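Engineer: Position 76 (the sequence shown) corresponds to 76 in the UniProt record's numbering; numbering is contiguous.
Even for Gly, the Cβ is constructed at its ideal location relative to N, Cα and C.
It should be emphasised that the depicted structure is a prediction, and the values quoted were computed from it without experimental measurement.
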Amino acid sequence: MASHQPAVDDEFIVAHTRDCSLRDGTRIRLRPVAADDKERLQAGFERLSPDSRYRRFLAPTGVLTERMLRYFTEIDYDDHFAWAALSLDEPGEPGIAVARYVRDRPGSDVAEPAVAVIDDYQGRGLGSLLLRLLTASAVANGVKRFRATLMRDNRPMYNLFAEAGGTFVTETAGLLRAEVELPTCELARAELLDSLLRHSCDGAADAARRVLTGVD
Numbered sequence: 001m002a003s004h005q006p007a008v009d010d011e012f013i014v015a016h017t018r019d020c021s022l023r024d025g026t027r028i029r030l031r032p033v034a035a036d037d038k039e040r041l042q043a044g045f046e047r048l049s050p051d052s053r054y055r056r057f058l059a060p061t062g063v064l065t066e067r068m069l070r071y072f073t074e075i076d077y078d079d080h081f082a083w084a085a086l087s088l089d090e091p092g093e094p095g096i097a098v099a100r101y102v103r104d105r106p107g108s109d110v111a112e113p114a115v116a117v118i119d120d121y122q123g124r125g126l127g128s129l130l131l132r133l134l135t136a137s138a139v140a141n142g143v144k145r146f147r148a149t150l151m152r153d154n155r156p157m158y159n160l161f162a163e164a165g166g167t168f169v170t171e172t173a174g175l176l177r178a179e180v181e182l183p184t185c186e187l188a189r190a191e192l193l194d195s196l197l198r199h200s201c202d203g204a205a206d207a208a209r210r211v212l213t214g215v216d
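1) Restricting to Cα atoms, I'd like to know which of ARG105, ASP51 and LEU160 is closest to ARG132.
2) On the premise that ALA43 lies in contact with ARG94, defined as a C-beta separation below 8 Å, what is that separation, rounded to the nearest angstrom?
3) Looking at C-beta atoms only, is the number of pairs between the segment 58-67 and the segment 85-93 that lie closer than 8 Å three or more?
4) State buried or exposed for ARG155, treating a residue as buried only when at least 16 other CB atoms are found within 10 Å of its CB.
5) Whole angstroms are fine: how far does the CA of ASP19 sit from the CA of ARG27?
6) Three-state secondary structure (DSSP) at PRO94?
7) By alpha-carbon positions, which one of LEU48, THR17 and PRO32 ends up nearest to ASP120?
8) Kindly provide the ranges of any alpha helix (DSSP H) runs that are 4 or more residues long and lie completely inside the UniProt domain "N-acetyltransferase" (28-183), ordered along the chain.
9) Please classify ASP19: does DSSP put it in a helix, a strand, or coil?
10) Taking a contact to mean a Cβ-Cβ separation below 8 Å, would you say GLY127 touches VAL115 in this structure?
11) Determine the direct distance from the alpha carbon of ASP76 to that of ALA7, and round the result to whole angstroms.
12) Note down the Cα distance separating ALA82 from THR167, rounded to an integer number of angstroms.
13) Pull up the distance between the alpha-carbon of ASP10 and that of ALA35, whole angstroms please.
14) Any idea what DSSP makes of ASP10, helix, strand or coil?
15) Just to confirm my understanding: we take ARG40, look at its own chain, exclude 5 residues before and 5 after, and list those with CB closer than 7 Å. What are they?
16) Taking the C-alpha atoms as reference points, what is the distance between MET151 and ALA111?
17) With a threshold of 16 other CB atoms inside 10 Å of the CB of ASP37, please say whether the residue is buried or exposed.
18) Can you tell me which of THR73, ALA173 and GLU46 puts its alpha carbon nearest to the alpha carbon of ARG31?
19) Comparing alpha-carbon positions, which option in SER21, LEU22 and VAL33 lies nearest ILE13?
20) Give every residue of the same chain whose Cβ lies closer than 7 Å to the Cβ of PRO106, excluding the five residues on either side of it in the sequence, and list them in chain order.
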């Protein structure tokens with residue numbers, strides 16, 4: 001579960017931070033996860049229901065250890081990339097969702113994605129938005145395929161993979177292996193950004209465009 005410190009500085013976070021609104025008017029801030037997000041991540045985890053925690057970790061998980069918090073926040077934005085969504089409508093701008101991918105090995109073109117949205121904000125399109133943004137980041141970093149193990153009854157993640165054209169194979173009675181090919185050509189990347197524009201706010205699409213083009 002080892003990770004290494006980011007090879008970027010605060011300017012990277014600032015350059016890829018955007019404020020926008022979801023379809024229902026909920027105001028959010030989107031930005032890459034930072035090393036000092038440990039308390040925010042812990043607080044968000046505590047707002048997840050036991051069912052949401054189980055679907056995310058595929059096991060009963062009552063607490064995030066210090067080791068887990070370091071792993072989830074001290075990332076390199078290449079082999080391990082994570083986007084955070086913060087609420088601008090709550091005091092202190094708490095974290096309300098995280099989407100991340102982790103390559104199956106350094107430099108691999110296959111990565112495992114994960115999306116977690118606290119229960120109060122589920123059903124507002126936030127998970128779908130973050131998966132699109134995460135996909136844009138993965139494509140920019142050379143990832144060609146997402147692969148994940150899902151609980152069969154994890155409808156939110158199943159729907160996100162299905163919406164992206166994913167395939168599913170039964171691993172066990174309760175688990176599915178999901179895979180989806182990511183866009184690789186320039187036309188497909190443009191279509192991905194068009195999808196962001198149609199389904200989210202301009203700020204999120206602009207953040208994705210900066211990731212894809214490398215313009216900060």
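Structural biologist: By the coordinates alone:
1) LEU160
2) This sequence places Pro at residue 94; Arg is not what is there. At roughly 6 Å, the Cβ-Cβ gap stays under 8 Å, so PRO94 and ALA43 are in contact.
3) Under the 8 Å Cβ criterion, the segment 58-67 does not count as touching the segment 85-93, having fewer than three qualifying pairs.
4) exposed
5) If you take the alpha carbons of ARG27 and ASP19, they lie about 7 Å apart.
6) coil
7) Out of LEU48, THR17 and PRO32, LEU48 has the C-alpha closest to the C-alpha of ASP120.
8) Counting only runs of 4+ residues, the alpha helix (DSSP H) found wholly inside the UniProt domain "N-acetyltransferase" (28-183) occupies 38-46, 50-57, 66-73, 126-140 and 155-163, in chain order.
9) strand
10) yes
11) Low confidence applies here, because ALA7 scores a pLDDT of 44, under 50, leaving its location unreliable; read the following figure in that light. The alpha-carbon atoms of ALA7 and ASP76 are separated by roughly 6 Å.
12) 23 Å
13) 10 Å
14) DSSP places ASP10 within a helical segment (H, G or I) once states are collapsed to three.
15) PRO94 and GLY95
16) 18 Å
17) buried
18) THR73
19) VAL33
20) ASP79
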